[in-house]
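Counted from 1, the sequence shown has number 136 at position 133 by this note's numbering; the numbering is strictly sequential. Glycine residues also receive a C-beta, built at the ideal position from the N, C-alpha and C atoms. These numbers come from a predicted model, not from an experiment.
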Amino acid sequence: MAPHRPELQGLRRLRAAHRSGDPGRHLHAEVTGGIAVAEDADLISAAAGARSRSHVPYSGFAMGAAVRTDTGEVLLGAVVENVSLGLAMCAERVALFSAVATDAGTPVALALVAPRTDGQLTHPCGACLRVALELGGPGLRIVVADPDGFSQTSDVSTLLPAGPHKPKR
Numbered sequence: 004m005a006p007h008r009p010e011l012q013g014l015r016r017l018r019a020a021h022r023s024g025d026p027g028r029h030l031h032a033e034v035t036g037g038i039a040v041a042e043d044a045d046l047i048s049a050a051a052g053a054r055s056r057s058h059v060p061y062s063g064f065a066m067g068a069a070v071r072t073d074t075g076e077v078l079l080g081a082v083v084e085n086v087s088l089g090l091a092m093c094a095e096r097v098a099l100f101s102a103v104a105t106d107a108g109t110p111v112a113l114a115l116v117a118p119r120t121d122g123q124l125t126h127p128c129g130a131c132l133r134v135a136l137e138l139g140g141p142g143l144r145i146v147v148a149d150p151d152g153f154s155q156t157s158d159v160s161t162l163l164p165a166g167p168h169k170p171k172r
């Protein structure tokens with residue numbers, strides 16, 4: 004039996020609901036209107052694990068991210084705060100930069116697990132979306148989830164519809 008980890012409780016329900024074919028009230032995919040696929044549930048679970056390693060002594064707002072690359076590798080990121088706010092790093096960029104640093108391939112999906120903000124699922128900030136666009140392209144799948152396992156799926160081009168795209172080399 005798995006050890007009790009409250010931060011994964013909702014995600015366990017999500018995976019069990021997926022296996023049974025009945026998502027019930029534990030899964031909500033507002034953008035796609037569908038059920039999270041097993042790949043998404045696994046990526047959300049990985050991001051939830053990374054969330055537990057957040058360094059958030061100032062805000063207490065723990066966030067975890069997981070990036071899947073085209074080679075199938077999954078890289079993790081956790082938010083790391085610093086007393087000098089500009090030196091903090093979002094979980095999403097930590098995971099995306101890890102994909103580059105380890106030559107793991109091109110990011111194809113990114114999951115973020117974080118508490119809700121003003122009652123809404125928390126999405127990547129503009130800086131993280133810019134990095135995601137640059138490294139993964141406009142079709143990079145973005146899955147956001149809260150600690151209870153409710154999720155929403157989109158892609159970078161939907162969340163960042165305007166603005167400069169990849170520079171030409």
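* **Which listed residue (V147, A107 and F153) has its alpha carbon closest to that of L138** => For L138, the nearest C-alpha among the options comes from A107.
* Since L78 contacts T109 with CB under 8 Å, what's their CB separation in whole angstroms? -> Not really, about 12 Å apart at Cβ, beyond 8 Å.
* Extent of the continuous alpha helix (DSSP H) to which D158 belongs -> Careful: D158 lies outside any alpha helix (DSSP H), inside the beta strand (DSSP E) at S154 to D158.
* With burial defined as no fewer than 16 other Cβ atoms inside 10 Å of the residue's Cβ, what is the status of L143: buried or exposed? -> It counts as buried.
* To do: Could you check how far apart the C-beta atoms of A117 and T125 are, in whole angstroms? I think they sit under 8 Å.
  => Here A117 really is in contact with T125; their C-beta atoms are around 4 Å apart, less than 8 Å.
* Asked: Which residue comes first and which comes last in the alpha helix (DSSP H) that contains R133?
  -> Start and end: G129 to G139.
* Per DSSP, what kind of secondary structure is P26 in: helix, strand or coil? -> With a pLDDT of only 36 at P26, under 50, the local geometry of the prediction cannot be trusted, and no value is derived from it.
* Starting from L163, trace the beta strand (DSSP E) both ways and give me its first and last residue. => DSSP places L163 outside any beta strand (DSSP E), giving it a letter other than H or E.
* So G67 packs on A94, CB below 8 Å; how close in whole Å? -> Contact holds; Cβ gap of about 5 Å.
* **Residues near V103 by beta carbon distance below 8 Å, same chain, minus five either side** => So the qualifying residues of the chain are L138.
* Rank R96, S57, E84 and V86 by C-alpha distance to the C-alpha of L132 and give the top, closest one. => The option with the nearest alpha carbon to L132 is R96.
* How is the beta strand (DSSP E) around L113 delimited, first residue to last? -> Element bounds for L113: P110 to V116.
* Would you mind stating whether V146 and D45 have Cβ atoms separated by less than 8 Å? => No, these two residues do not count as a Cβ contact at 8 Å.
* Asked: Contact check, S154 vs A148 under 8 Å by CB: the rounded distance?
  -> Contact check for S154 and A148: beta-carbon distance about 4 Å, within the 8 Å limit, so the pair qualifies.
* Straight-line Cα distance separating D121 from A98 -> Going by the C-alpha atoms only, they are around 25 Å apart.
* Any alpha helix (DSSP H) of 4 or more consecutive residues that is wholly inside the segment 72-112 -> Annotation note: the segment 72-112 contains the following uninterrupted alpha helix (DSSP H) runs of length 4 or greater, listed N- to C-terminal: 94-104.
* **Sequence-distant residues of its chain with Cβ nearer than 7 Å to T161 (five each side left out)** => Answer for T161: no residue qualifies.
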